[in-house]
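In our numbering, the protein residues as written are 62 to 377.
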């Protein structure tokens, strides 16, 4: 396109332009064939066709869309007699199925979908780039660290007096280890006996048992901390993550957690886990970006506040 205006900054505009090209062509074909179907509904129908009956949460996970957006699409396809829902075995959710009419619609759509796939492949070949690989790469980058977090990191960097560095435990920061954790514990929960023991003697409770403690330091001041407890037999716990809320440094919590992951791998660990609480939504989102996934508690937690157990899984 001559005189192109939109490049990296206008990536969203470029993607929307491409979507409109695809949408306009496909919907004209649907209309020509007398099929009442919108391209915006494709992701939901295709998920059911390829994977079988799914819950709304499962469809949202596959498409990467919000639950509310997927729910609206499902309602529309139900109104068109393409989808129906049935309760799951435990009755807690509804699973989306194709209706008999939906199956007939899919049969009509298959030839068009095959043609669309061929046309897109031809266009990608003409473009001379591995377009899908490029999209996947960008998506994966934003899954690892969201657009918002990346922007915050860029915008906050000029406000900081100096970039933070991650350093191992030193006795000079013992009180900071305690204070940084007490801040969030008192804000959201209560300080439990196990917290008091660990925070009063991090050397004896963590370091002497083969654990590690790290600090994020700015201009000689500890403004963030995290620990890795050695539970034995190659099992480690990421714990005691705390960051000074007054320090505007994007990416500090992520860097602290990544340090623990790196140390866990360097030591040949078998399992890295953490325990948290569902009210700490930003923390859980951070953990998910770092490849922590929810799992059932294997044993009862020593923390009363813990109601969410996560395990780190490396990239496959």
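Backbone N, C-alpha and C fix where the C-beta goes; we use that ideal spot for every residue, glycine too.
For residue i, the three-state DSSP class (helix, strand or coil)
i: residue 169; result: helix
i: residue 84; result: helix
i: residue 370; result: strand
i: residue 296; result: strand
i: residue 115; result: strand
i: residue 385; result: In the structure as shown, the chain begins at 62 and stops at 377. Residue 385 is therefore absent and cannot be evaluated.
i: residue 148; result: strand
i: residue 141; result: coil
i: residue 253; result: coil
i: residue 71; result: coil
i: residue 159; result: strand
i: residue 90; result: helix
i: residue 365; result: coil
i: residue 326; result: helix
i: residue 262; result: coil
i: residue 3; result: Lying before the first or after the last residue shown, residue 3 is absent from the chain, which here runs from 62 to 377.
i: residue 62; result: A caution first: residue 62 carries a pLDDT of 49, below 50, which makes its placement in the model too unreliable to give a value.
i: residue 120; result: helix
i: residue 360; result: coil
i: residue 213; result: helix
i: residue 154; result: coil
i: residue 15; result: With the chain represented from 62 up to 377, any question about residue 15 goes unanswered, as that position is not in the structure.
i: residue 98; result: coil
i: residue 341; result: coil
Cβ pair residue i, residue j closer than 9 Å
i: residue 314; j: residue 344; result: yes
i: residue 114; j: residue 147; result: yes
i: residue 364; j: residue 339; result: no
i: residue 86; j: residue 134; result: no
i: residue 355; j: residue 298; result: no
i: residue 242; j: residue 256; result: yes
i: residue 80; j: residue 157; result: no
i: residue 128; j: residue 117; result: yes
i: residue 305; j: residue 234; result: no
i: residue 457; j: residue 249; result: This structure cannot speak to residue 457, because the chain is shown only from 62 to 377.
i: residue 358; j: residue 374; result: no
Identified DSSP bridge partners for residue i
i: residue 275; result: 229 and 287
i: residue 335; result: 371
i: residue 354; result: 372
i: residue 282; result: 279
Cβ separation of residue i and residue j, assumed to be a contact under 8 Å, to the nearest whole Å
i: residue 141; j: residue 106; result: Not quite, the Cβ-Cβ distance comes to about 10 Å (not below 8 Å), so this is no contact.
i: residue 317; j: residue 227; result: 7 Å
i: residue 237; j: residue 283; result: 4 Å
i: residue 303; j: residue 286; result: 5 Å
i: residue 372; j: residue 334; result: 5 Å
i: residue 170; j: residue 267; result: About 59 Å separates the two Cβ atoms, so there is no contact after all.
i: residue 230; j: residue 275; result: 7 Å
CA-to-CA distance, residue j to residue i, given in whole angstroms
i: residue 329; j: residue 295; result: 7 Å
i: residue 307; j: residue 271; result: 32 Å
i: residue 182; j: residue 82; result: 15 Å
i: residue 361; j: residue 185; result: 53 Å
i: residue 269; j: residue 260; result: 14 Å
i: residue 112; j: residue 119; result: 10 Å
i: residue 202; j: residue 196; result: 10 Å
i: residue 320; j: residue 149; result: 41 Å
i: residue 376; j: residue 289; result: 21 Å
i: residue 90; j: residue 167; result: 15 Å
i: residue 210; j: residue 225; result: 17 Å
i: residue 177; j: residue 88; result: 11 Å
i: residue 332; j: residue 232; result: 28 Å
i: residue 204; j: residue 125; result: 10 Å
i: residue 219; j: residue 66; result: Its pLDDT being 48, under 50, residue 219 is placed unreliably in this model, and the coordinates cannot settle the point.
i: residue 145; j: residue 159; result: 6 Å
i: residue 92; j: residue 173; result: 12 Å
i: residue 253; j: residue 246; result: 9 Å
i: residue 239; j: residue 258; result: 10 Å
i: residue 104; j: residue 98; result: 12 Å
i: residue 273; j: residue 279; result: 20 Å
i: residue 223; j: residue 281; result: Confidence at residue 223 is low in this model, with a pLDDT of 49, below 50, so the placement of that residue should be treated as unreliable; the coordinate-derived value is given next. Approximately 10 Å between the Cα atoms of the pair.
i: residue 251; j: residue 346; result: 23 Å
i: residue 300; j: residue 293; result: 15 Å
i: residue 215; j: residue 163; result: 47 Å
i: residue 136; j: residue 130; result: 10 Å
i: residue 69; j: residue 187; result: 22 Å
i: residue 189; j: residue 322; result: 38 Å
i: residue 71; j: residue 122; result: 26 Å
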